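See structure below.
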Amino acid sequence: MDKLDKRLLSELRTNARIPISSLAATLGVARTTIQARIQRLEQNGTIAGYSLRLGDAFAAGQIRATVLLQVDPKAGANLFSRLKSISAVQEAHTASGRFDVILQVVAQTTAELDAVLDHIGEMTGVLSSESLIQLRSKIKRSA
Numbered sequence: 001m002d003k004l005d006k007r008l009l010s011e012l013r014t015n016a017r018i019p020i021s022s023l024a025a026t027l028g029v030a031r032t033t034i035q036a037r038i039q040r041l042e043q044n045g046t047i048a049g050y051s052l053r054l055g056d057a058f059a060a061g062q063i064r065a066t067v068l069l070q071v072d073p074k075a076g077a078n079l080f081s082r083l084k085s086i087s088a089v090q091e092a093h094t095a096s097g098r099f100d101v102i103l104q105v106v107a108q109t110t111a112e113l114d115a116v117l118d119h120i121g122e123m124t125g126v127l128s129s130e131s132l133i134q135l136r137s138k139i140k141r142s143a
């Protein structure tokens with residue numbers, strides 16, 4: 001990956017819908033160069049896809065929580081398949097340190113969040129949990 005690829009990815013992170021002609025003008029190269037670069041980056045897996053980013057107006061109606069779990073090491077794959085079936089669980093990550101799993105959970109109401117947290121806490125293999133309610137995002141970068 002060269003400097004042009006990095007600049008191209010930076011522009012696409014800002015606005016994935018920007019026209020190729022605008023990218024070419026911004027980056028000072030031919031439109032066909034941009035098309036070929038994007039195609040190569042898609043084929044080699046650097047660009048895995050394009051998605052929708054919801055704005056603050058949508059997120060304002062949601063309650064978000066980070067949930068930290070200590071789990072029985074034997075519960076691994078089975079636990080993740082059960083967590084995957086809970087639509088409120090948006091992300092699940094393994095971690096090192098005091099907690100083994102970090103979840104990002106979204107709910108519409110505190111009652112819904114409470115029910116989801118109870119359900120997760122009762123799962124076989126979950127030894128303990130700690131929940132952190134997110135109040136407001138101060139910095140939010142895309143991957």
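In the UniProt record's numbering, the protein residues as written are 1 to 143. The beta carbon of each residue, even a glycine, is placed where N, CA and C say it ideally should be. Note that this is a predicted model, so its numbers are computed, not measured.
Cβ-based burial, residue 69 [other Cβ within 10 Å; buried from 16]: In the sequence shown, counting from the first residue as 1, residue 69 sits at position 69. Residue 69 is buried by the Cβ-count criterion.
What residue range does the beta strand (DSSP E) around residue 131 cover? Residue numbering aside, residue 131 sits at position 131 when the sequence shown is read from its first letter. From DSSP, the beta strand (DSSP E) with residue 131 extends over 126-134.
Using 8 Å as the threshold, is the C-beta distance between residue 18 and residue 31 below it? Counted from its first residue, the sequence shown places residue 18 at position 18. Counted from its first residue, the sequence shown places residue 31 at position 31. No, Cβ-Cβ distance for residue 18 and residue 31 is not below 8 Å.
Beta-ladder partner(s) of residue 66, from DSSP: Counting from 1 along the sequence shown, the entry for residue 66 is found at position 66. Answer is 104 and 132.
Helix, strand or coil at residue 30 [DSSP, three-state]: As a first step, residue 30 must be located in the sequence shown, where it is residue number 30. Correct three-state label for residue 30: coil.
From residue 61 to residue 135, what distance separates their C-alpha atoms? To locate residue 61, count along the sequence shown from 1; it is residue 61. To locate residue 135, count along the sequence shown from 1; it is residue 135. If I take the Cα positions, the gap works out to 12 Å.
Does the stretch 118-133 come close enough to the stretch 64-80 that 3 or more CB-CB pairs lie under 8 Å? yes
Pop quiz: residue 154 and residue 100 are said to be a contact at Cβ under 8 Å. What is the actual Cβ separation, rounded to whole angstroms? Residue coverage of the chain in this structure runs from 1 to 143, which leaves residue 154 outside it and unanswerable.
Identity of the residue in 91, 44, 27 and 140 nearest residue 105 by Cα: For the purposes of this step, residue 105 is taken as the residue at position 105 of the sequence shown. Among 91, 44, 27 and 140, the Cα nearest to that of residue 105 is on 91.
Pull up the distance between the alpha-carbon of residue 80 and that of residue 129, whole angstroms please. For the purposes of this step, residue 80 is identified with residue 80 of the sequence shown, where counting begins at 1. For the purposes of this step, residue 129 is identified with residue 129 of the sequence shown, where counting begins at 1. For residue 80 and residue 129, the distance between alpha carbons rounds to 15 Å.
Residue 71 - partner residues in DSSP beta bridges: The residue you call residue 71 lines up with position 71 of the sequence shown. BP columns for residue 71 point to 126.
For residue 112, which residues in the same chain have their Cβ closer than 6 Å to its Cβ, ignoring the five residues on either side in sequence? Taking the first residue of the sequence shown as position 1, residue 112 is located at position 112. Cβ within range, chain order: n/a, list empty.
Through-space distance from residue 25 to residue 85, alpha-carbon basis: For this step, residue 85 is matched to residue 85 along the sequence shown. For this step, residue 25 is matched to residue 25 along the sequence shown. Answer to the nearest angstrom: the Cα atoms are 45 Å apart.
Boundaries (first-last residue) of the beta strand (DSSP E) holding residue 94: One-based indexing of the sequence shown puts residue 94 at position 94. From DSSP, the beta strand (DSSP E) with residue 94 extends over 89-94.
Out of curiosity, what's the CA-to-CA distance linking residue 5 and residue 15? Here residue 5 corresponds to residue number 5 of the sequence shown, with the count starting at 1. Here residue 15 corresponds to residue number 15 of the sequence shown, with the count starting at 1. Going by the C-alpha atoms only, they are around 15 Å apart.
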